[in-house]
Every structure is written in C-alpha cells, then in structure tokens.
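One structure is given below, encoded as structure tokens.
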Amino acid sequence: MSTLEIKDLHVSIDTEQGTKEILKGVSLTIKTGQTHAIMGPNGSGKSTLASTIAGHPRYKVTNGTITLDGEDVLAMSVDQRARAGIFLAMQYPVEVPGVSMTNFLRTAKTAIDGEAPKLRTWTKDVKAAMAQLRIDADFAERNVNEGFSGGEKKRVEILQLELFKPKFAILDETDSGLDVDALKVVSEGVNRAHETGNMGTLLITHYTRILRYIKPDFVHVFVDGQVVEEGGPELADRLEDEGYDRYATGAGAATIAAAQA
Amino acid sequence: MTEITTEKARIGAPSAQPFINGFTEEGESLSPINSNASKAPLAGEAVKRHSHGGGVGIPDSSRAGRLTSYNLADFKPLTGLEEDWRFTPLKRLRGLHSEVLAGAAPTVTVSGPEQVTVESVARGDKRIGSAGIPEDRVSANAWENFSEATVLTIPAEFEADTEVTVAIDGTSTAAAAQHLVIVAEKFSKAVVVLNHQGSAVVSENIEIVVEDGANLTVVSLQEWNDDAVHASSQQAKIGRDAKFKHVVVSLGGDLVRVTPSARFTAPGGEAEMFGLYFADAGQHLEQRLFVDHAVANCTSNVLYKGALQGRNAHAVWVGDVLIRKEAEGTDSYEANRNLLLTDGARADSVPNLEIETGLIKGAGHASATGRLDDEHLFYLMARGIPEDVARRLVVRGFLHEIIQQIKVPALEERLTEAVERELAVTNN
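Protein sequence lines correspond, in order, to chains A and B.
Counting in this note's numbering, the first sequence runs from 15 upward without gaps.
Counting in this note's numbering, the second sequence runs from 71 upward without gaps.
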C-alpha cells in the first residue's frame with residue numbers, strides 16, 4: 015500500500031508577461047487501489063498538476079509538498095520520480111527520432127527495475143501487451159512515437175503503463191482525441207493495470223466520457239488552480255448534466271468552504 | 071530541433087496557359103542571362119567553357135562557373151575571403167594551400183577480393199584525370215605535387231561479396247600530396263572503404279569513375295589523430311544507369327575538409343551522399359559537396375548529420391546542387407542536420423540549390439541546427455531513464471540514421487562504437 019500525498023501545492027510558470035501562478039494551493043491524497051478523477055475546464059491547471067508531479071522543468075513549485083510514502087518527490091529528478099513509481103501518461107507524447115520503441119522500452123524497463131528484463135519473457139510480455147492494446151507488431155521497430163497518429167500515441171502510453179507497472183499512474187487527458195473504439199481499448203488497459211491492485215490512478219480529463227469505462231472512486235473539480243468541489247462518482251454524473259458553468263471563476267473557494275461547513 | 075528552412079519544389083508539366091509574362095514552359099525566366107541564347111556566363115555553353123577550360127569563371131554567381139584547373143598557377147593564393155574558403159581557418163592548413171607538398175604521402179594498403187586490381191602508377195597514366203579536375207587551390211596543389219597514384223579497379227560485371235578496404239596511414243606531418251583513382255567498371259558492384267588513420271598533413275585527390283550500370287559505394291572514414299590536417303577532393307563521374315553511394319564519416323583530425331562531388335554524365339544515374347561528423351572541442355570538420363545534374367532523368371539524395379560538442383568545435387556543411395537546363399526529369403533532395411550538444415560549438419550550414427529547368431520531378435533542400443530537445447529528454451527521463459543515458463539514446467539515434475546506410479555490418483558496429491567513445495568524452 016502506497017500513498018501519494020500533495021499538500022497545499024502552489025505552482026508558477028514563467029511567461030513573457032512575468033511569473034504566473036497556475037496552481038493556488040492544491041491538496042490531494044491518493045492511495046494504492048484508488049482512482050481519482052480530476053475534472054475541470056480548460057486552463058484550470060489540471061495538466062499543470064500532472065506535469066508538476068512528473069517533474070517537468072517548466073513548472074516551478076513555490077509552496078507545498080508532494081510525497082510518495084513520505085519521500086520528498088520534489089527533491090527527486092524526473093528520472094528518479096519515474097523509478098520511484100510515478101508514471102505520467104502524457105497528453106502530447108513527443109516523437110523521439112532515431113530511438114526505436116524496442117530499444118526505448120527495454121532501456122526504460124531496465125532503468126525502472128534496476129536490472130535488465132529477461133529477454134525471452136520480456137519480448138513475450140511486450141508482444142502480448144501490444145496485442146491487447148491492438149498496436150501493430152511493426153510499431154516495435156519504429157522510432158518512439160514517430161509518425162504515430164494521436165490515438166496510436168495514447169495507446170503506446172498505456173502500453174508503457176502496463177509494462178512498467180508504476181505505483182501511481184497519472185493520465186493526462188489520455189481520452190482527448192480518441193474515438194470510442196480507441197477509448198475502450200485504452201480504458202481496458204488502464205483497468206487491467208488497476209486490477210493488479212498495486213496501482214493508484216490520477217485520471218485527468220475534461221470530459222466525463224472516459225468515466226463510463228474507468229470508474230473513479232473520487233472526483234475533484236478543478237477551477238482556476240484550486241479544487242472547488244470534491245465528491246464520489248455521482249459528482250461526475252452531475253457534471254455531465256450541468257457542465258462547469260456553475261463554477262464561476264473566483265467563487266471556487268467559497269463553494270468548497272460552504273461544502274465543508 | 072528548430073526547422074530553419076525546408077522546401078520541396080515540385081514543378082511539373084507546362085502550364086495550359088503559357089502566356090504569363092516572364093514565364094516560359096520551363097518556368098520562370100527572370101532575365102535574359104538565364105537563357106541559352108545569351109552568352110552570359112550563367113548558363114548554357116558559356117558555362118561549359120568556363121568550367122572545363124581552366125579559365126576564369128564567375129565563381130560566386132553559379133556553381134557551374136567555378137574555376138577548375140589542373141594547374142596550381144591558375145588559382146590565386148588564398149586570402150580566406152573566397153566564398154569556398156570563408157569558413158576554413160587557413161592558418162591551420164599547415165601549408166596545404168601555400169607550400170610545395172613534398173612530404174611522404176600516407177601509405178596505401180588495399181585488401182579485399184583478389185579480382186580487384188591495385189596498381190601504383192606514374193603521373194602520366196591515362197586514368198589520371200578521368201573523373202576529376204581540381205576546383206580549388208589546395209586540390210590543385212596536390213595535383214601538381216603527387217608523384218605516384220594508386221589505381222583501384224573493380225572489373226566489369228564483378229560483384230564483390232566483401233568490401234575493399236583501403237588503409238591510408240599517415241606517418242608524418244610534412245605537408246604531402248596523395249592521389250587515388252577508383253574505377254568501377256561496367257555492371258560491377260562493390261563497397262570501397264577508405265580508412266584514413268594516423269597523423270598526416272595531406273591534400274588528397276580521389277577520382278571515382280562509376281561506369282555504366284555499375285553500383286559503387288565509397289565510404290571515406292576520417293579517424294585521424296588529433297594533429298592531422300586533411301583536405302580531400304573526392305570527385306565521382308557517374309555513367310548511365312549507374313548507382314553511386316558516398317558516405318563521409320569524419321571523427322578525428324584537427325582540420326578535415328572533404329569536398330565530394332557527383333557528376334552525372336548519362337541519364338538514369340543515381341547518387342546518394344551521406345555524411346556523419348562529430349566535432350569535439352577545437353576541431354574543424356568541413357564538408358562541401360556538389361551534385362551536378364548535367365543530364366536528364368537522374369536522382370540524387372543528400373543527407374549529412376553532425377553532432378558538435380565542446381568549445382570551438384566547428385562544423386561546416388555546404389551543399390551545392392545544380393540542375394542544369396538539360397537535366398529534365400531530375401529528382402533531387404539535400405538536407406543537413408546538426409545537433410549542438412554543448413555551449414561554445416558552432417555549425418555553419420549552407421544548402422544551395424540552382425535550378426535551370428522547371429521540367430523536373432522534384433528539388434528540395436533543408437537544414438536544421440538545434441540543441442538536444444528538452445522535451446525529448448523529459449519524455450525519456452519521465453520513463454526512468456537517467457539523463458546521461460537519455461542524451462546518448464537521442465544522439466546515437468540521430469547519427470545512426472547515417473551509419474545504417476553503410477550496410478557493412480562490421481563497419482557499422484565499429485562506427486557505432488566510435489560514436490559511443492565520442493559521447494563518453496563529455497558525458498553526453
């Protein structure tokens with residue numbers, strides 16, 4: 015059982031107009047076996063949270079903590095975080111020319127496990143995982159994400175999730191740009207990883223559509239860099255009906271205060 | 071990486087309405103200087119007179135007009151301001167441009183299939199001058215000073231199943247001249263590897279004749295010691311339906327300047343020119359190539375990739391592609407990519423494309439110079455891969471695209487290892 019704990023997180027980025035605060039005090043605790051959905055309108059800071067947990071250099075933490083089983087995540091480099099068990103399925107996976115998928119997957123697995131995977135079982139595992147996600151076998155020979163369609167890139171992200179077996183998976187709008195079939199395939203992959211019972215999931219999404227396939231235990235609504243409402247899966251249903259309009263920007267703090275009172 | 075320029079022109083059939091001012095069915099006609107009727111030096115017959123007559127052309131206006139001559143005296147002493155020398159530090163040429171090249175030439179040892187003949191010949195041999203004519207003073211200086219040449223012949227219709235290795239070992243740093251002729255006779259097939267090693271100050275002319283229907287790969291490896299200075303003009307003449315692949319790999323040496331050219335002399339020829347260079351602190355690695363589409367229906371593809379690291383690591387790539395008026399149906403592309411691994415390195419990249427006919431399949435050029443992409447590194451590191459390993463993965467991948475073109479497994483392996491050693495130098 016592991017715990018990923020985010021406390022009063024404030025995050026800024028440098029823009030041409032100066033420093034801009036994106037996250038304004040976010041607290042969140044995720045435990046193994048739980049699925050937390052983070053929902054919110056565009057620009058509310060959902061993806062910033064995801065990138066900050068993974069350690070993207072663009073995001074500066076000005077206050078607050080992130081710990082994984084008590085270990086200070088913010089003190090870790092990007093690769094150390096991944097080796098500690100944090101996996102970010104990216105919203106826009108980049109193409110890495112000249113590096114084959116096969117080589118990349120094996121190198122990453124070796125880095126995460128601290129030892130090279132046994133060649134025979136590894137090849138078999140990769141093939142099986144690719145087949146389940148309906149990724150063509152010839153993708154293994156291609157360069158990382160190079161020339162992949164948007165949907166293919168997302169499937170490859172989930173492939174890595176299944177192969178690397180992280181403690182915590184952060185899915186940054188993995189559902190965006192997917193057609194229904196691809197969405198099902200991707201969701202099944204996440205559910206398979208989840209069923210092992212050794213993973214906690216932070217599912218970031220703009221739409222409620224993916225929540226039909228991946229059932230969240232908790233739903234957090236993000237507006238303007240803060241959590242404005244929290245609840246169970248029923249909150250997602252309500253959002254589906256009502257949208258984000260009722261969270262007027264700025265009123266967020268008042269709403270959550272009222273909810274807690 | 072930042073895309074600086076990328077163009078792919080596809081100019082096809084004549085327009086249905088040929089009545090646009092300034093246009094002919096060959097395309098744009100900007101001024102009379104481009105038309106064959108005019109005797110201006112940019113086109114047509116005038117060009118040919120200039121390029122082979124040993125006279126004085128107008129070097130800066132068209133690649134075709136560059137002065138070419140077997141006589142050193144025809145080339146003025148270099149000042150460093152010349153277009154084709156402006157990037158080269160003349161002080162470091164160790165006299166290749168100014169001294170009599172009287173030093174002992176690097177020794178040449180050829181190994182390979184016994185059917186391939188190797189001869190040492192005197193200056194008067196008729197094969198000398200069959201594919202090349204010096205295009206600059208350093209090359210002409212070597213032509214003036216070489217005493218004997220090595221002629222390597224791949225006999226007609228012979229297909230070599232192993233590569234021909236030409237070991238060129240430098241043992242002295244007295245300025246020297248070298249001359250090599252490689253003849254791939256009709257319908258032969260071979261891979262020739264020129265292996266430059268040791269210490270030398272040498273200007274080298276390599277003539278390459280690719281006869282009709284032949285398939286020749288020439289790999290020129292520069293793995294010199296740190297003190298070597300090497301200028302190498304490698305000129306290929308490509309026959310009908312012949313295939314020529316040229317790979318330049320420059321890793322070692324203080325100053326290396328390779329000027330390869332491919333000239334099509336009959337239709338149906340194919341040229342692929344690849345290059346890989348890895349410049350370390352203080353190294354000057356320069357490559358200037360020329361593809362001369364002088365006849366119709368030939369294709370050329372050029373890709374040079376380089377990595378640079380350390381203070382004053384300097385790489386220069388200039389790619390000249392000329393599609394002459396006669397070269398209808400040409401398909402051509404050239405690109406250069408540079409990866410700057412550290413501060414203090416400099417890459418100059420100049421793709422030049424001259425097109426004198428619009429009736430071509432394609433002509434494009436591209437150049438990009440950039441740093442290791444932070445987003446690539448982030449992606450790999452977010453998968454647990456440590457930064458140094460991630461950097462190596464990316465650079466290795468970047469350069470591997472060229473290495474895999476060589477198609478000689480043992481050589482590919484050796485070069486991959488050589489690149490690894492370069493990467494290990496600054497922990498990239």
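Positions of the beta carbon are idealized from the N, C-alpha and C atoms, including for glycine.
Since this is a predicted model, take the numbers as computed values, not measurements.
Please return the same chain residues whose Cβ sits closer than 6 Å to the Cβ of residue i, not counting the five positions on each side in sequence.
i, result
"L410 of chain B", "L378, R441"
"K98 of chain A", "One detail in the question is off: residue 98 of chain A reads as Ala in this sequence, not Lys. Here the set comprises L82."
"H384 of chain B", "H354, R416"
"T46 of chain A", "M15, S16, G214"
"K167 of chain A", "P107, N159"
"L325 of chain B", "R162, V299, H354"
"G239 of chain A", "I36, L37, K38, G59"
"A405 of chain B", "L373, A436"
What three-state label does DSSP hand residue i in the structure shown?
i, result
"M53 of chain A", "strand"
"S121 of chain B", "Residue confidence is low: S121 of chain B scores 42 on pLDDT, short of 50, so the model does not pin down where it sits. No coordinate-derived value is stated."
"V279 of chain B", "strand"
"I472 of chain B", "helix"
"T215 of chain A", "strand"
"G39 of chain A", "strand"
"P247 of chain A", "helix"
"L151 of chain B", "coil"
"G135 of chain B", "helix"
"Y403 of chain B", "strand"
"R416 of chain B", "strand"
"H435 of chain B", "strand"
"V200 of chain A", "helix"
"A219 of chain B", "strand"
"D458 of chain B", "helix"
"N159 of chain A", "coil"
"D255 of chain A", "helix"
"N141 of chain B", "coil"
"H234 of chain A", "strand"
"N59 of chain B", "In the structure displayed, chain B extends from 71 to 498; residue 59 of chain B sits before or after that span and is not available."
Who are the near neighbours of residue i in its chain, counting only those whose CB is closer than 8 Å to its CB and skipping five residues on each side?
i, result
"L469 of chain B", "L346, F348, K375, A377, V489"
"E155 of chain A", "S114, M115, T116"
"V234 of chain B", "V180, S181, G182, P183, V186, L222, I224, A260, V261, V262, V263"
"R120 of chain A", "A130, P131, W136"
"R193 of chain B", "F216, S217, E218, A219"
"N205 of chain A", "Y227, I228"
"I100 of chain A", "L18, I67, A68, L82, V87, P180, K181, F182, I184"
"T241 of chain B", "A174, P176, T177, G268, S269, A270"
Should residue i be labelled buried (16 or more other beta-carbon atoms within 10 Å of its own) or exposed?
i, result
"Q353 of chain B", "buried"
"L151 of chain B", "exposed"
"S163 of chain A", "exposed"
"L370 of chain B", "Reading the sequence as shown, one finds Ser at residue 370 of chain B and not Leu. Buried is the call here."
"R133 of chain B", "buried"
"Q31 of chain A", "exposed"
"R510 of chain B", "In the structure displayed, chain B extends from 71 to 498; residue 510 of chain B sits before or after that span and is not available."
"A301 of chain B", "buried"
"Y133 of chain A", "Rather than Tyr, the amino acid found at residue 133 of chain A in this sequence is Leu. Classification of L133 of chain A: exposed, given that the 10 Å Cβ count is below 16."
"K60 of chain A", "buried"
"E356 of chain B", "buried"
"D280 of chain A", "Outside the displayed span of chain A (15 to 275) sits residue 280 of chain A, for which this structure offers no information."
"E274 of chain B", "buried"
"L100 of chain B", "Low local confidence applies: a pLDDT of 44 at L100 of chain B is under 50, so the model's placement there is unreliable, with the coordinate-based value given in what follows. With fewer than 16 other Cβ atoms within 10 Å, it is exposed."
"R136 of chain B", "buried"
"T219 of chain A", "buried"
"E277 of chain B", "buried"
"S258 of chain B", "buried"
"E492 of chain B", "buried"
Spatial neighbours of residue i within its chain, please: CB distance less than 7 Å, with the 5 preceding and 5 following residues excluded, ordered by chain position.
i, result
"I425 of chain B", "I393, A433"
"E115 of chain B", "Its pLDDT being 36, under 50, E115 of chain B is placed unreliably in this model, and the coordinates cannot settle the point."
"F334 of chain B", "I308, D362, H363, A364, V365, C368"
"N77 of chain A", "D22, H24"
(message) If contact is defined by three or more beta carbon pairs under 8 Å, each pair taking one atom from either stretch, is the region 241-256 of chain B in contact with the region 158-175 of chain B?
(response) yes
(message) Quick test of the definition: if touching needs 3 or more C-beta pairs under 8 Å, does the region 94-113 of chain A touch the region 441-461 of chain B?
(response) yes
(message) Extract the residue ranges of the alpha helix (DSSP H) inside the region 77-150 of chain A, only unbroken runs of 4 or more that lie entirely within it.
(response) 92-98, 115-127, 133-146
(message) I want to know whether the region 135-154 of chain A touches the region 470-477 of chain B - three or more CB-CB distances under 8 Å.
(response) no
(message) Suppose only complete runs of 3+ residues qualify. What are the beta strand (DSSP E) ranges in the region 233-315 of chain B, listed by chain order?
(response) 234-254, 259-280, 285-294, 299-308
(message) Could you tell me which whole beta strand (DSSP E) segments of length 3 or greater appear in the region 304-377 of chain B?
(response) 313-322, 325-334, 340-349, 354-363
(request) Specify whether the region 226-235 of chain A and the region 195-205 of chain A touch according to this definition: at least 3 beta carbon pairs, one from each stretch, less than 8 Å apart. (result) yes
(request) Count the CB pairs spanning the region 473-485 of chain B and the region 312-332 of chain B that are closer than 8 Å, and state whether there are at least three. (result) yes
(request) Would you list, in sequence order, the uninterrupted alpha helix (DSSP H) runs of no fewer than 4 residues that lie entirely inside the region 161-217 of chain B? (result) 207-215
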